[in-house]
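Participant: My questions will all concern the structure given below.
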Amino acid sequence: MRFLKINEKLPGFFSIDGKLATENRLKGFDPFGDGTVKIGGREFRFFNPERSKLAAAMVKNIQIPDLKHKTMLYLGAAHGYTVSHLSSICKRIYAVEFSERCFPSLLRICEKTRNIIPVFADARLVKYTWVENVDIVYADLAQSDQTEIAMRNAAVFLKKNGSLLLAIKTRSIDVTKHPRKVCTEEIKKLRKSGFGVISWKMLDPFEKAHGFVVAELREPSF
Ligand SMILES: C[S@@+](CC[C@H](N)C(=O)[O-])C[C@H]1O[C@@H](n2cnc3c(N)ncnc32)[C@H](O)[C@@H]1O
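Just so we're aligned: 194 in the numbering used here is position 196 of the sequence shown, and the numbers increase by one with no gaps anywhere.
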């Protein structure tokens, strides 16, 4: 007997026997071998906090905004692990990735899910001007200027009062500084640019030297 719990604060996310899961819109969809379970005619796929910083942030109780039926610009989609889960929750996701190695597997996810739009581009340049204004900008870029890239994209695409979800890989910014210090410095940049920081934490033990920030765009001053 499985124990299914609905996440009241975050529609679309579930806990099954204490493990985070999303509901499969496409039956049998398990592109990363997470494992699925059927409960009462519904199918759920486990969402692994060791593979996704978003899942880790949820397990660590970082205050994530409601993502249900929202539009999202996702920077750094890689092979599509996290976006594959978000596709069952969000309305539409623009998934930006510039790695030729990752993009073919991302395309396969997009073909299946139909609400992820693949964008083969450098997020630093913000040249995909055809993308609509979105409710959420999500950034997981592992670059020295990851916060600046996220803010530049938010300045163009994020609706007022929209949310920025930012995974900070501190080692890409400064390996010599304490990871928490790097995060607080990046958070200062967000505040200076008109973001209100709602919630943030380090992601250990799931991701070493990574922080995860949820911010809201209030008065842009980019
Ligand atoms: C840590 S991985 C992302 C993992 C992914 N978010 C997930 O949870 O499944 C970072 C990705 O960002 C991509 N990336 C880094 N800089 C980028 C840029 N300027 N434009 C587009 N993609 C970029 C890398 O190629 C890499 O695939």
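Think of the CB as a built atom: it goes at the ideal place given N, C-alpha and C, for glycine as much as any other residue. Being a predicted model, the structure only gives us computed values, none of them experimental.
On a Cα-Cα basis, can you pick out the residue from P9, F118, I185 that is closest to Y92?
Facilitator: Measuring C-alpha to C-alpha distances from Y92 to each of P9, F118, I185 identifies F118 as the nearest.
Participant: Could you give the distance in angstroms between the alpha-carbon of F30 and the alpha-carbon of L18?
Facilitator: 15 Å
Participant: Just the Cα atoms here: how many angstroms apart are F11 and M200?
Facilitator: 21 Å
Participant: How far does the alpha helix (DSSP H) with E184 in it reach, from first residue to last?
Facilitator: 177 to 190
Participant: Since V57 is in the alpha helix (DSSP H), which residue starts that stretch and which ends it?
Facilitator: 51 to 57
Participant: Evaluate P116 with the Cβ neighbour count: other Cβ atoms within 10 Å of its Cβ, from every protein chain shown; 16 or more gives buried, anything less gives exposed.
Facilitator: buried
Participant: Could you check whether L139 and I147 sit closer than 8 Å to each other, using their CB atoms as the reference points?
Facilitator: Less than 8 Å separates the beta-carbon of I147 from that of L139.
Participant: Buried or exposed, going by whether 16 or more other CB atoms sit within 10 Å of the CB of M(-1)?
Facilitator: It is exposed - the Cβ of M(-1) has fewer than 16 other Cβ atoms within 10 Å.
Participant: Need the endpoints of the alpha helix (DSSP H) that A213 sits in, please.
Facilitator: It is not in any alpha helix (DSSP H) - A213 instead sits in the beta strand (DSSP E) that spans 208 to 215.
Participant: Closest by CA to S86, which one among F44, G194, G160?
Facilitator: F44
Participant: Thinking just about the alpha-carbon of each residue, which of I196, V180, F101 is nearest to the one in G209?
Facilitator: V180
Participant: With a threshold of 7 Å (Cβ to nearest heavy atom), would S97 be considered close to ligand 1?
Facilitator: yes
Participant: Determine whether the beta carbon atoms of A54 and P63 lie at a separation below 8 Å.
Facilitator: no
Participant: Cβ of V94 within 7 Å of any heavy atom in ligand 1?
Facilitator: A heavy atom of ligand 1 is found nearer than 7 Å to the CB of V94.
Participant: Between V211 and I166, which are expected to be in contact by the criterion C-beta below 8 Å, what is the C-beta distance as a whole number of angstroms?
Facilitator: Between I166 and V211 the Cβ distance is about 7 Å, and since that is below 8 Å, they are a contact.
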